[in-house]
Amino acid sequence: MERPSLERLKGLNSLSTLPAQLDEARQLCTHRARADMIAKWLLEKLKSSDEARTDSASWRLLADASRLLAPEMLATLFGHYDLLSVVQKAVTHPDLDFETTAAVKNLFDVTFDLSEGPRGAALKAFLSVDAAHAVAFTGAWLICLTDTINRQPECVSSLVNLGLLSPAVKVWELRKHGADENDLFATNCLVPITHLLCLLPQPDVHTSAKRKRGNTEDRSSDISLKSMLAKHIILPARATFSRVENTPSRTGELQNRLQKMKEFNAEVTNLTHEDQTKRLATVPTFLEIALRCTPSATPRQRLKEKSWVEGIFAALLECLPSNTPARSRVLIDMLDIIQKHASLSKETLTQLNDQYSGLSELGEESGSHLTVNWDLLAKIADLDANVYAELDRAGNVFEVLSFANFELMEGQQAPEVRLEKDIHTLWKMRIIIPVMRAFARNRDIASFVKIWRNELAIEFEEITRFVWLEIDEEFAQLVQPFMTDEQVTDTVSFHCNRIKEAINSGHVSCNLQKVRSSAVVLCATFMGLRDDGLIDRMSPIVSDVFSDLIRIFEDQRAGESSADFAHSWKLLRVSLEIWFPLWAEQQDDKSTIDDRLKAIAQSGAALKGNSLVQHSGLTGSPVSAEATRFLAVFLGLTHAYGLSGLSISDETRKIYLENPALIANLDEKSRKAVLSAIVDGDGKAGLDVHSDAIVNGIVEAGGTAFDETVHLIVKKLEGKGSVGALDVLESMSPSTLSPGQRERILDSLCASEDLRKHVPNRQLAAIVRMLELPCPNAGLFKDMSILWNLAATLKTLDMPDGLRLLKLLECLTSLVVKHSTKRVTREGESPALTDLGKKVDHHIKKTSGKGQFADDAGIVTIINTVLTNARTNPDETAKEVVKPSRLQVYAQALLREAAELQSSGASKGGLQTLLDAMIALPDSVVQRAAEEEQPAFQSLNAALERIAEGNTSDDAAIDSKYIQLACELKTSQHERSLVAMAANVLESELQPKDNVAVLDVLHRRYKNKSDCRGGALQSFMTDERDVRAAELVVLRTLLPSIKEEDSLEGGHSHQSILYTSLRLADNSSVAICRRALDCVSCILREKPFMTNQPTIESTMITIQVLLKKHHDGMIFMDCCRTFNILLQQYRSQMKYRMNLVVAVMQQLVTSLFDCNLGSRHANALSRMLELLCNPPQLRSKRHQKTTISLVDEARKAQGHVGQYVQYILHHYCSQVLRSPLAEGARESLMPGLWMTIAAVEVNDTDGMKVLSAAMNNSERAVLRSVYDDYKAFGKWQGG
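All you need for my numbering is the position in the sequence shown, starting with 1, plus 35.
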């Protein structure tokens, strides 16, 4: 006999173990009286026992008991046993696990929910403790969460999803305010909150709008933590900072408030680098929150807050411990945040550079220059490059940079950098170039040139990558905008004189470094010249530079070294481009120009350049690349000024391949040699130049070279080197060819046996490309044997790439037949089309008795295309290409052969070919063949029945052919079976083209056969079974074909079709619901005879039901589309059912919030609000012409709607208080809300005041915000 519950309750402590006691108590906790005794016993146990406090079952049981007790009694119990202190002890216990923490949070959820109820005042009073107790509890709870995450990093997502932050946040919000609460908060909660914010996952700003709802509570708690920091630490500190005028006192006050953070970070010295970084991340996290609290929208605000930004940055910098590897990384993170939200003074950045960059240590001890904190230097340059835009400071930094570059060359390991992919890129893009631009903005670019010249004076011959050689193009962009003509002239003259002095001294090789450094600066300066007047004045100096460089190349020792320096060739090219055309214009005698060009051609520079290009191989170095460009410019000038006699050697062909425009200027023999190498695809001649670039250059140049290229392509296509010629042809656009050139190429492509053997797919693709543009005299249009021969090699779908080959052949045949058909229309006859019909007739006659159509897939494809064209062509001559009697024989042979292959299963490709052929035949021919060949048809019909029963094959493509054939053979008596068959096939994994083909054949069937339409509709309207989504796709295909005169069996009206679609939409499956809504939208949009007042009301009710049932963004958009159609086409029927309209709109607003939908969905809802409140169809000119009235119908309709839409606005305000909108959704919804306000005011000028009076204070605040935006941005002010 079971003991009474009272005895069992009294005997709880007599049980041996705590789990047994808790299990017994849980079984008894089913009544309020027993729950009271259990709660008292359990609270006593929790207060006195660590084991109970760390057991999750204890807290779950207390939560269950709390649900059964009255809130007043629960408040008395919790206050008597001091629940908050008990929880505080529990969360500070080292053995507390994540499950127990979640159970405690669940207890608080129950408590908070009860406190919000009508009898929750006592519980709320219990939770409203003084600030000291609240801050102690909040700090302990947050420390517990940080310890949990540190022990179990994988549980952070669960912590977020379960909302474990809420107890700490809500207890603090319910506290009794005290005068010293800010100081208490700084002492107990500053470190836990900042540490926890670092550990929590940060939301992705790019995907937050699309994120599903589920953790909104925790996201608001996350925001609350930041708000608590701002309210109790940052804003009071900022207020004190503003009152104190003494700067040291200001900073000291800030440091005192952040003392706990400094102590917390001081403990990192014994941690690993990764743990140090995690802990020190509290500093940039706090800095970002502080800057977000700082107004910085206008320049005035930024200037006013500058001292505060400097102060908080300095105070937080003191919180970073010295001599820790992670400090540098955290400092850069802090500067990142400064860059996003504020700025620092030049003086502060200079101090950071001096203290933390590592530059000062290099003078005291001989360490590696690579140990400098290059990331920090780059970040300082990002913030303000003027820090380094001083001659002395920039010189020191750049000198260290150059030495570090040398150390890399000596084999030292490159340091890892965060801001760029490698150290060289960081030096160039993040340090040197920003500083150079800062010098330019300060109009002191001459100082930078001086530093640059000094760094280039270092011996860099053996350095593989010297960063100072890579900035010439960036410097060139600054020459004319930031240098005066006088500065440019002085700079050029200085460096020109240096080169001249080195040459005149007779020891160029000894002064080679001076020459090289000047060459780099001169090259950059010359590239930056843009002004014609300045270029004219500089021309003599440029001429001297070019002549001096030529002389250097004549020096045997210096010439070798100069040839190995890329900037020597670059300066030669740039100076030649600037000087020679201007000099040539001044010469009266052409022979003078020819003599100068010949002299350059015979100079040491040209000869050395030829040698470099010869030996550069397939992977040209920067030196050979620059030499090639110099020779290309020189050769271009020789051709431009008509100098002949300079032929090209095979070794220097690369110059012409890189500059195809020069090819036309070669002599005939050299030109043909280069073009032949290109068309042949000779790898030895191609070097590292891509063939597409060469061909595009030839096409752009046009002229003789292009014509000869086309001639070579035609010639090669006819021979054995056709694949290389095809490569070149594929690089050309057919539109660049003349009709005659396309015709010659087309004839060569069709005749190429080499292509047909090796690359038939590329051959057919090239033929189709050529035929897309006019080729009226091509042989393919005159001799159909060419097309027949192309198809004869394509035997079956099972061959490699067979499907693509047959598709190309189908396109080709279609183009040929269409061209021939146009000729019939124009001339009355087409010999080619007649010839093709004879070939088809002969092939059918020859093959029908053998049953080998499946082995001639190419020929069958031609026949299919011809028949398809005949079916759609209005010309009678084109329709009679194949004799009807021959078609009947063809159809019967196909049916017999298909039955044989189906029974044997020998070739799926062959069966698909035969089914395609039968589908292409006219329906009457196939039906007659089925009657004549009953055994074969029975075999085919068995396959159709198998599909109808749901037993589809493993080849979805063949099943799709079966259903297409069934649409030709089946009568209306089999419509239910046909619908099931089509649905089964559509549910299989069809390719998109097969899916479209099935829907097309269904559409044609229902469009032309009224009895089939009726049978299909009957199957949907009489069946009570669950309908599949694929069957609804069939219904959607059927709907456009229904006509008003169609009669339905069983006395059904046309409106019953819409009722059926609405019934099917109310389904738990999202896919079925969406397909049914698509059908509803189609009926409403295209079939008004299927609608009436009840169906429209039923549609609005169904939309509400679906939105409540499915929290899905796609269902939301489908409902919006359906309701949009109602507003556009059925407004008059909805005019007096505004209660339903308002209910739908309110449900849409609710779904926007509940499903956390983004801006796309808010846009759709906004458009519907605008359509409802301001109907554009009543403002159209067409409507105004049909109505003659002094009353504005649009305004009248707007006023009518304004009586009701205030309820939508009220509902929106209440939803805002319940949960936040996704990112971007509010801005998208605003135009619709503004139009709603306008409609309310059109109805009643005091309508918004009346609405505001009906709201509570919180809703009124939301409404005021929306109304203020309306007055500022949405209200039309006239004018």
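Just so you know, even glycine gets a beta-carbon here, dropped at the ideal spot from N, CA and C.
Here the structure is a predicted model, which is why all the values come from computation and not from measurement.
Check, Outcome
"What is the DSSP secondary structure of aspartate 310, counted as helix, strand or coil?", "helix"
"Looking at C-alpha atoms only, which residue of Gln1026, Leu81, Arg1048 and Glu1294 is the closest neighbour of arginine 1011?", "Arg1048"
"When you compare each of Asp457, Lys485, Val452 and Arg478 to phenylalanine 433 by their alpha carbons, which one comes out closest?", "Lys485"
"Give the straight-line distance between the Cα atoms of methionine 471 and serine 1263, rounded to the nearest whole angstrom.", "44 Å"
"Would you tell me roughly how many angstroms separate the C-alpha atoms of lysine 1310 and valine 1301, rounded to the nearest one?", "12 Å"
"Are the beta-carbon atoms of alanine 492 and glutamine 447 separated by less than 9 Å?", "no"
"Mapping the DSSP letters down to three states, classify aspartate 836 as helix, strand or coil.", "coil"
"At the 9 Å Cβ level, is leucine 1256 part of the contact set with chain B, yes or no?", "Absent from the structure: chain B. Only one protein chain is present."
"In the DSSP output, what is lysine 211 paired with across the bridge?", "Asp165"
"Taking buried to mean at least 16 other C-beta atoms within 10 Å of its own C-beta, is threonine 136 buried or exposed?", "buried"
"Note the first and the last residue of the continuous alpha helix (DSSP H) segment covering serine 1194.", "1194–1208"
"Reducing DSSP to helix, strand and coil, say where serine 656 ends up.", "coil"
"From the DSSP output, in three-state form, read off arginine 248 for me.", "Its pLDDT being 39, under 50, arginine 248 is placed unreliably by the model, and the measurement read from it follows with that caveat. In this structure, arginine 248 counts as coil in the three-state DSSP scheme."
"Are the CB atoms of alanine 166 and glutamate 216 nearer to each other than 9 Å?", "yes"
"Using a Cβ-Cβ cut-off of 8 Å (strictly less than) and excluding sequence neighbours within five positions of threonine 1320, which residues of its own chain qualify?", "Because residue 1320 is not part of the residues shown, which for the chain are 36 to 1314, the question remains open."
"Do glutamine 923 and arginine 963 have their C-beta atoms closer together than 9 Å?", "yes"
"What distance in whole Å lies between the Cβ atoms of phenylalanine 581 and leucine 611, which are believed to be in contact at a cut-off of 8 Å?", "6 Å"
"Can you give me the Cβ contacts of lysine 45 inside the same chain, cut-off strictly under 6 Å, excluding the 5 residues immediately before and after it?", "none"
"Is it buried or exposed for valine 1285, if we count other Cβ within 10 angstroms and need 16 for buried?", "exposed"
"Within a Cβ cutoff of 6 Å, which residues of the same chain sit near cysteine 1002, ignoring the five residues on either side of it in sequence?", "Val1036 and Arg1040"
"Assuming proline 774 and isoleucine 733 make a contact with CB atoms under 8 Å, what is their CB distance in whole Å?", "Wrong, their Cβ atoms sit about 20 Å apart, outside the cutoff."
"Using the rule of at least 16 other Cβ atoms within 10 Å of the residue's Cβ for burial, across every protein chain shown, is serine 656 buried or exposed?", "exposed"
"Scan the region 1040–1064 and note each continuous beta strand (DSSP E) run of 3 residues or more that stays entirely inside, going in chain order.", "none"
"Quick one: give me the first and last residue of the alpha helix (DSSP H) that histidine 746 is part of.", "738–753"
"Could you tell me whether the region 113–133 touches the region 178–188, where touching means 3 or more Cβ pairs closer than 8 Å?", "yes"
"DSSP three-state label for threonine 320, please.", "helix"
"Which residues mark the beginning and the end of the alpha helix (DSSP H) in which leucine 825 is found?", "819–827"
"Expressed to the nearest angstrom, what Euclidean distance is found between the alpha-carbon atoms of alanine 827 and alanine 955?", "20 Å"
"Is lysine 1005 helix, strand or coil by DSSP?", "coil"
"Candidates Pro957, Glu521, Thr903 and Gly945: which alpha carbon is nearest alanine 926's?", "Pro957"
"Would you grab the beta carbon distance between histidine 230 and threonine 317 for me? Rounded to a whole angstrom, and I think it's under 8 Å.", "5 Å"
"Check for me: the alpha helix (DSSP H) holding glycine 985 runs from which residue to which?", "Premise fails: glycine 985 is in no alpha helix (DSSP H) and is neither H nor E."
"With three or more C-beta pairs closer than 8 Å as the rule, is the region 101–120 touching the region 64–84?", "yes"
"Identify which residue in Glu743, Ala736 and Leu946 has its Cα closest to the Cα of alanine 712.", "Glu743"
"How about glycine 1267 and leucine 1204: are their beta carbons less than 9 Å apart?", "yes"
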